[in-house]
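> Got a structure for you, written out below as structure tokens; questions coming shortly.
There are 2 protein chains.
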Amino acid sequence: MPVPRSTERRMIAEIPPRSGTAFRLAAGQHLRVIDPEGGQVSDMLAFAADDPREALSNGRTFDYEETIRLGEGNRLWSNRSRPLLEIVEDRAGLHDFLLTPCSEATFRHFYPGKPVHRGCFGNLAEALAPFGIEPDAIPVAFNIFMNVPVGRDGRIKVDPPTTKPGDFIRFRALADLIIGLTACSAYDSCGGTFKPIHYAIEAG
Amino acid sequence: MPVPRSTERRMIAEIPPRSGTAFRLAAGQHLRVIDPEGGQVSDMLAFAADDPREALSNGRTFDYEETIRLGEGNRLWSNRSRPLLEIVEDRAGLHDFLLTPCSEATFRHFYPGKPVHRGCFGNLAEALAPFGIEPDAIPVAFNIFMNVPVGRDGRIKVDPPTTKPGDFIRFRALADLIIGLTACSAYDSCGGTFKPIHYAIEAG
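Respectively, the protein sequence lines represent chains A and B. Residue numbers are given in the working numbering: position 197 of the first sequence equals residue 197, and the series is strictly consecutive. Each number in the working numbering comes from the position in the second sequence (counting from 1) with 1000 added on.
Now the structure itself:
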């Protein structure tokens, strides 16, 4: 019998609650992002390693994929009309590509009575700075596991993720990339809990 | 009796079919964008005049306005969480903030048998170059009058605009801005016709 993918040997890294990281992902490598406890969100950014002015674009992706609900088989496109990542396996089935990473400003706006946090935006900005990527260059993230229903009138809300422990999504890099990745810091997105995110880089 | 706004004296400029322009709009001024013949789309960008790294962000706007259907009373926000424009009057009622301006690449993708055009992306890039704004810095535009239905499953399509001749939208600038504005070049967005767009800058 074939060995299930979930037990294959690989290094799994942990992103602690309310933090972020950035790393290189070579063309052809796979990135697996896992929700180890369930009910958590991870904001992901991708930039072309050879020129980070090329970055994920939700608008170009909606254009080419002709949907705002991205899942298995869809590709995530750059502002230069190049596919950067392909979703090759999706055990969660619900992600968001409409909303920007939370920041100090969004915390003050949405949670006026609660402590302010720099959010995924601040975490991504710090993690990406060593790659020469400025905060202003952070686009809309692909918000893995994030549950953002869109009503028929266009109104949106942020509900808790539907993920169960161990749910994951797996991407294949279609170019040499710089990836930014977080464990969500906002109250609504992760149902009021702050949990870690796991990820693994695989040979593909 | 008060004079109706529509007959106030003002300068109306024309954007010829399949072209674009860029200009400054001071805080407090109003920008009226008019579809003179009906059935046409105009892609609009806005950048902070004092630092164009601050630009319109569809994601921040969806966040703060809690809808993907922007109309009268909504504000368009920047990547720095600042509202740049407010929609103060909307006689059209249907606009898009999901899709990026068409480019040579999107023409080749969506209209393989037809002549390639640089699209609103190319027109905006040329118009914004004198302001020091590079093509890579062009975000998702606010696509005035563009008719992009979103299905319950998230699938999107581009239908002809529903505007009638003379329909318009009016914005108030909430900061000193650089505006990019086009008359749509793509086949689907404007129902296969290429028409001009009119605009006027008003004292507010």
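Here a beta-carbon is modelled for each residue, glycine too, at the ideal position from N, C-alpha and C.
1. Counting Cβ pairs closer than 8 Å, one from the region 68-80 of chain A and one from the region 122-136 of chain A, do we hit at least three?
2. From A/P36 to A/P196, what does the alpha carbon distance come to, in whole angstroms?
3. Label B/K1157 either buried or exposed according to how many other C-beta atoms from any shown protein chain fall within 10 Å of its C-beta, with 16 as the threshold for buried.
4. What's the C-alpha gap between A/G122 and B/A1048?
5. Enumerate in chain order the residues of its own chain whose CB-to-CB distance from A/P17 is below 7 Å, with the five nearest sequence positions on each side excluded.
6. First and last residue of the beta strand (DSSP E) that includes B/Y993?
7. Under 8 Å Cβ to Cβ from A/I12, same chain only, skipping five residues before and after it: list those, please.
8. Among A/R53, A/R75, A/S19 and A/G73, which has the Cα closest to the Cα of B/D1136?
9. Counting only Cβ-Cβ distances shorter than 9 Å, please list the residues of the region 78-103 of chain A near chain B, keeping chain order.
10. Can you pull the chain B residues whose beta carbon is under 7 Å from the beta carbon of A/Y64, in chain order?
11. Examine chain B for any beta-carbon lying closer than 7 Å to the beta-carbon of A/G154, and answer yes or no.
12. Taking the continuous alpha helix (DSSP H) assigned at A/H109, which residues delimit it?
13. When the Cα of A/G191 is compared with those of A/A27, A/L98, A/L25 and A/V148, which residue comes out closest?
14. Since B/A1125 is in the alpha helix (DSSP H), which residue starts that stretch and which ends it?
15. Do A/I144 and A/F23 count as a contact pair if the criterion is CB distance below 7 Å?
16. Less than 7 Å between CB atoms is the rule here; does B/T1067 satisfy it with respect to chain A?
17. First and last residue of the beta strand (DSSP E) that includes B/F1062?
18. Check whether the Cβ atoms of B/V1041 and B/R1172 sit closer than 7 Å, and answer yes or no.
19. Is the beta carbon of A/F142 sitting closer than 7 Å to the one on A/M44?
20. Report back the beta-carbon spacing between B/L1085 and B/L1174 to the nearest angstrom; my notes put them in contact at under 8 Å.
21. Tell me, please, which residues DSSP counts as bridged to B/D1176.
22. For A/D153, which of B/L1070, B/P1161 and B/G1028 has the nearest alpha-carbon?
23. Considering only the alpha carbon of each residue, which of B/A1055, B/R1170 and B/F1097 lies closest to B/E1134?
24. Which residues of chain B have a Cβ atom closer than 9 Å to the Cβ of A/T106, listed in chain order?
25. When DSSP builds the beta bridges, which residues end up paired with B/L1085?
26. Got a sec, what are the start and stop residues for the beta strand (DSSP E) B/G1020 sits in?
27. I believe B/T1061 touches A/G59 by the beta-carbon criterion, under 8 Å. Please report the beta-carbon distance rounded to the nearest angstrom.
28. For A/P160, tell me which candidate among A/L94, A/R108 and A/A203 has the shortest Cα-Cα distance.
29. Between the C-alpha atoms of A/Q29 and A/A46, what's the straight-line distance to the nearest angstrom?
30. Indicate whether at least one CB of chain A lies closer than 7 Å to the CB of B/D1136.
31. Where does the unbroken beta strand (DSSP E) through B/D1043 begin, and where does it stop?
32. Just checking: is the beta-carbon of B/V1140 within a distance shorter than 7 Å of some beta-carbon in chain A?
33. Using a beta-carbon distance below 7 Å, is A/R75 in contact with chain B?
34. Pull up the CB-CB distance for A/I15 and A/D90, whole angstroms please, since I reckon it's below 8 Å.
35. Can you look up A/D153 in the DSSP assignment and give me helix, strand or coil?
36. Given that B/V1150 touches chain A, what residues does it touch there, using C-beta distances under 7 Å?
According to the data block:
1. With a cut-off of 8 Å, the region 122-136 of chain A and the region 68-80 of chain A do not count as touching, because too few Cβ pairs lie within range.
2. Mapped onto the first sequence, residue 36 of chain A falls at position 36. Mapped onto the first sequence, residue 196 of chain A falls at position 196. Straight-line measurement puts the Cα of A/P196 at about 7 Å from the Cα of A/P36.
3. Mapped onto the second sequence, residue 1157 of chain B falls at position 157. Classification of B/K1157: exposed, given that the 10 Å Cβ count is below 16.
4. In the first sequence, residue 122 of chain A corresponds to position 122, counting from 1. In the second sequence, residue 1048 of chain B corresponds to position 48, counting from 1. One C-alpha to the other measures close to 21 Å.
5. Here residue 17 of chain A refers to the residue found at position 17 of the first sequence. Within the same chain, A/P17 has close Cβ partners A183, F194, K195 and P196.
6. Any question about residue 993 of chain B goes unanswered here, given that chain B covers just 1001 to 1204.
7. Sequence index remark: in the first sequence, residue 12 of chain A carries index 12 (1-based). Taken in chain order, the residues that qualify are I34, H198, Y199 and A200.
8. Mapped onto the second sequence, residue 1136 of chain B falls at position 136. Checked all of A/R53, A/R75, A/S19 and A/G73; the closest Cα to B/D1136 is A/R53.
9. Interface annotation for the region 78-103 of chain A against chain B: N79, R80, S81, R82, F97, L98, L99, T100, P101, C102 and S103, criterion Cβ-Cβ distance under 9 Å.
10. Numbered from its first residue, the first sequence carries residue 64 of chain A at position 64. Neighbours of A/Y64 on chain B, chain order: H1109.
11. The residue you call residue 154 of chain A lines up with position 154 of the first sequence. Taking 7 Å as the CB threshold, A/G154 lines the interface with chain B.
12. On the first sequence, residue 109 of chain A is found 109 positions in, with the first residue counted as 1. Note, A/H109: alpha helix (DSSP H), E104 to F110.
13. Within the first sequence, the letter at position 191 stands for residue 191 of chain A. Ranking A/A27, A/L98, A/L25 and A/V148 by CA distance to the CA of A/G191 puts A/V148 first.
14. The residue you call residue 1125 of chain B lines up with position 125 of the second sequence. Bounds of the alpha helix (DSSP H) holding B/A1125 are G1119 to L1128.
15. As a first step, residue 23 of chain A must be located in the first sequence, where it is residue number 23. As a first step, residue 144 of chain A must be located in the first sequence, where it is residue number 144. No; because the gap between Cβ atoms is not below 7 Å, this pair is not in contact.
16. Residue mapping note: residue 1067 of chain B aligns to position 67 of the second sequence, counting from 1. Chain A has a Cβ within less than 7 Å of the Cβ of B/T1067.
17. Within the second sequence, the letter at position 62 stands for residue 1062 of chain B. In the DSSP annotation of this structure, B/F1062 is not part of any beta strand (DSSP E); the continuous alpha helix (DSSP H) holding it starts and ends at N1058 to E1065.
18. Position 41 of the second sequence holds residue 1041 of chain B. Position 172 of the second sequence holds residue 1172 of chain B. Cβ distance not < 7 Å, so B/V1041 and B/R1172 don't count as in contact.
19. Locating residue 142 of chain A in the first sequence gives position 142, where the first residue counts as 1. Locating residue 44 of chain A in the first sequence gives position 44, where the first residue counts as 1. Going by beta carbons, A/F142 and A/M44 fall inside the 7 Å limit.
20. Within the second sequence, the letter at position 85 stands for residue 1085 of chain B. Within the second sequence, the letter at position 174 stands for residue 1174 of chain B. Going by Cβ atoms, the distance from B/L1085 to B/L1174 rounds to 6 Å, so yes, they are a contact pair.
21. Locating residue 1176 of chain B in the second sequence gives position 176, where the first residue counts as 1. Answer is none; B/D1176 lacks a bridge partner.
22. Counted from its first residue, the first sequence places residue 153 of chain A at position 153. Nearest C-alpha to A/D153: B/L1070.
23. Reading the second sequence from its first residue, position 134 is the one you call residue 1134 of chain B. The shortest Cα separation from B/E1134 among B/A1055, B/R1170 and B/F1097 belongs to B/A1055.
24. Taking the first sequence and counting its residues from 1, one reaches residue 106 of chain A at position 106. Within 9 Å Cβ-Cβ: R1060, D1063, Y1064 and S1081.
25. Translated into positions along the second sequence, residue 1085 of chain B becomes position 85. The partner list for B/L1085 (beta bridge, DSSP) reads B/L1076 and B/A1173.
26. On the second sequence, residue 1020 of chain B is found 20 positions in, with the first residue counted as 1. For B/G1020, the uninterrupted beta strand (DSSP E) segment begins and ends at G1020 to L1025.
27. For this step, residue 1061 of chain B is matched to residue 61 along the second sequence. For this step, residue 59 of chain A is matched to residue 59 along the first sequence. Not confirmed; about 12 Å, so no contact.
28. As a first step, residue 160 of chain A must be located in the first sequence, where it is residue number 160. When each option's Cα is compared against that of A/P160, the closest is A/L94.
29. By one-based count along the first sequence, residue 29 of chain A stands at place 29. By one-based count along the first sequence, residue 46 of chain A stands at place 46. If you take the alpha carbons of A/Q29 and A/A46, they lie about 14 Å apart.
30. Start at 1 with the first residue of the second sequence, and residue 1136 of chain B comes out as number 136. The beta-carbon of B/D1136 is placed less than 7 Å from the nearest beta-carbon of chain A.
31. On the second sequence, residue 1043 of chain B is found 43 positions in, with the first residue counted as 1. Annotation for B/D1043: the continuous beta strand (DSSP E) segment containing it runs S1042 to A1048.
32. Position 140 of the second sequence, counted from the start, is the residue given in the question as residue 1140 of chain B. Taking CB atoms only, B/V1140 has a neighbour in chain A less than 7 Å away.
33. Numbered from 1 along the first sequence, position 75 holds the residue referred to as residue 75 of chain A. Chain B, which has no Cβ nearer than 7 Å to the Cβ of A/R75, makes this no.
34. Along the first sequence, one-based indexing puts residue 15 of chain A at 15. Along the first sequence, one-based indexing puts residue 90 of chain A at 90. Actually they are not in contact, since the Cβ atoms of A/I15 and A/D90 sit about 19 Å apart, beyond 8 Å.
35. Within the first sequence, the letter at position 153 stands for residue 153 of chain A. Three-state result, A/D153: coil.
36. By 1-based counting over the second sequence, the position of residue 1150 of chain B is 150. Those are I68 and V150, listed as they occur along chain A.
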